[in-house]
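Those letters in the sequence shown? Residues -23 to -1, 1 to 338, per mature numbering (1 follows the signal peptide of the UniProt record, and there is no 0), in order. By construction, the Cβ of each residue, glycine as well, lies at the ideal position given by its N, Cα and C atoms. Quick caveat, the model's predicted, so the values are computed rather than measured.
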Amino acid sequence: MSKLFKLSTLAIATTLLSQSALADGIAAKLQMSQDSFSSDQDVMVTLTLTNEENVPVKLLKWFTAAEGVEESLFKVTADGQARPYLGAHYKRPAPSHKDYIKLKAGESISYQVELSSLYDMSATANYEISYDVSSMQLFSPNPGQAKKLARLGIEGIQSESASFYLEGREFKGGANKGKPGTGDGGGTTPDGISFTGRCSNSQQSDILAGLAAAKNMSADANQHLATASSNSQRYSTWFGAYSSSRWNTVSNNFSKIDNALNNEPLTFDCSCKKQYFAYVYPTQPYKIYMCNAFWSAPTTGTDSKGGTIIHETSHFNVVAGTDDIVYGQSGAKSLAISDPAKAIQNADSHEYFAENTPNLN
């Protein structure tokens, strides 16, 4: 196959985007394994994060590749056109101290990442990638700094781009596992709800109870958005200051969530063993993978089974296409104050609005 042109040098520099002094010393660098890839080669990149400060910094490992890539950590373009992330979106508990990795002063940490199992690289083109992460929870604050960080809002780290040529290939990652009724603990209810991944009878019952709760929450959320005034405390707590365009976006999102829960062919998979609540592949509706934290969650209330199903349903691109910008009620409330435009894109914000615990008008 002839090439458009072959890039022999890579842009491997670093730049930093941050609103917080905590982020000032973190530099990110990308190094491609080679400058061109045939259609049968893995696209490998090395991500190096360096603490250039003279004090330690704690970085949320979910936004590194410390445990593999479990969120979109990169921006990818092909001939200047953005390519979508096709990997998983997880619902996690709010981060605790154990979820941060510590970089000592001057310390670097590197990860190798295979990109073609995570992003759409079906086009033959010249590609550019950059590491690009942002969150209010990206850095662990020192004692007494949490309120300051809430005022500062989103923090981020961004590398400059690395370039390479690639022959297009079919997407390799995120394949659906298991089919309903094939001996893997699957089956289909009279309402058309399917199960895969060896769901036990009790797990199926838990899921159906959670789904019923999610439908009730969704109906209540839609009712509130249709009838409440623009000074709704419930809305402002989770989505921030009122604007008609943002309100309409949230209303449209919940209308689509409600339609998905009531009318689309939902599949629930029980094979996940991670200590999270659940995950989905945004481009693969309407299959939700239930993880360990889901089973011990209450049916309703904060971080509930019903709320988890709403959270994950909101991730599907054909529904609301939400992201995981912050986790937990505290983070979601701070995001609503500091950046309402981001809050209406955040999955936990939708979940907590729907759960409405404590009850707000």
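Query raised in the report: So S93 and R146 are in contact, right, with Cβ under 8 Å, and what is the actual spacing, rounded?
Result: 6 Å
Report task. Below 8 Å CB to CB, which residues in the same chain sit around D246 once its five sequence neighbours on both sides are set aside? Result -> K154, G155, F172, T173, G174, C176, K264, I265, Y266 and M267
Report task. Output the boundary residues of the alpha helix (DSSP H) element that contains residue 369. Result -> Lying before the first or after the last residue shown, residue 369 is absent from the chain, which here runs from -23 to 338.
Query raised in the report: Start and end of the alpha helix (DSSP H) containing E289?
Result: K282 to H292
Requested in this report: Would you kindly check if the distance between the Cβ of G305 and the Cβ of D325 is under 8 Å?
Outcome: yes
Query raised in the report: Beta-carbon separation of residue 418 and I3 under 8 Å?
Result: The question about residue 418 has no answer, for the chain in this structure spans -23 to 338.
Query - Range covered by the alpha helix (DSSP H) that runs through I134 - result: No alpha helix (DSSP H) contains I134, which is instead part of the beta strand (DSSP E) from E132 to S136.
Query raised in the report: What's the gap between the Cα of S255 and the Cα of P262?
Result: Going by the sequence as given, residue 255 is Ala instead of Ser. So the two alpha carbons sit approximately 14 Å from each other.
Report task. Take F271 and list the residues in its own chain whose beta-carbon comes closer than 7 Å to its own, dropping the five residues that flank it on each side. Result -> F254, A255, K282 and T285
Query raised in the report: What distance in whole Å lies between the Cβ atoms of F51 and Y108, which are believed to be in contact at a cut-off of 8 Å?
Result: 6 Å
**Report entry** Simplified DSSP assignment, three categories, for F148
**Finding:** coil
Query raised in the report: For T165, which beta-bridge partners are listed by DSSP?
Result: S171
Query raised in the report: Would a C-beta distance cut-off of 8 Å place S16 and E144 closer than the cut-off?
Result: yes
Query raised in the report: Got a sec? Which residues, its chain only, sit under 7 Å from V303 by beta carbon, not counting five neighbours each side?
Result: S112, M113, Q114, A309, L312, N323 and D325
Query raised in the report: Helix, strand or coil: how does DSSP classify S273 here?
Result: helix
Query - residue 342, DSSP secondary structure in three states - result: In this structure the chain extends from -23 to 338, so residue 342 is not present and cannot be described.
Query raised in the report: Mind checking if N225 is an interface residue toward chain B, Cβ cutoff 8 Å exclusive?
Result: Considering every chain present, this structure includes no chain B. It has just one protein chain.
**Report entry** the region 17 to 24 touching the region 60 to 80, judged by at least three CB pairs closer than 8 Å
**Finding:** no
Report task. For my contact list, A186 and T276 are in at a C-beta cut-off of 8 Å; report their separation, rounded to the angstrom. Result -> 5 Å
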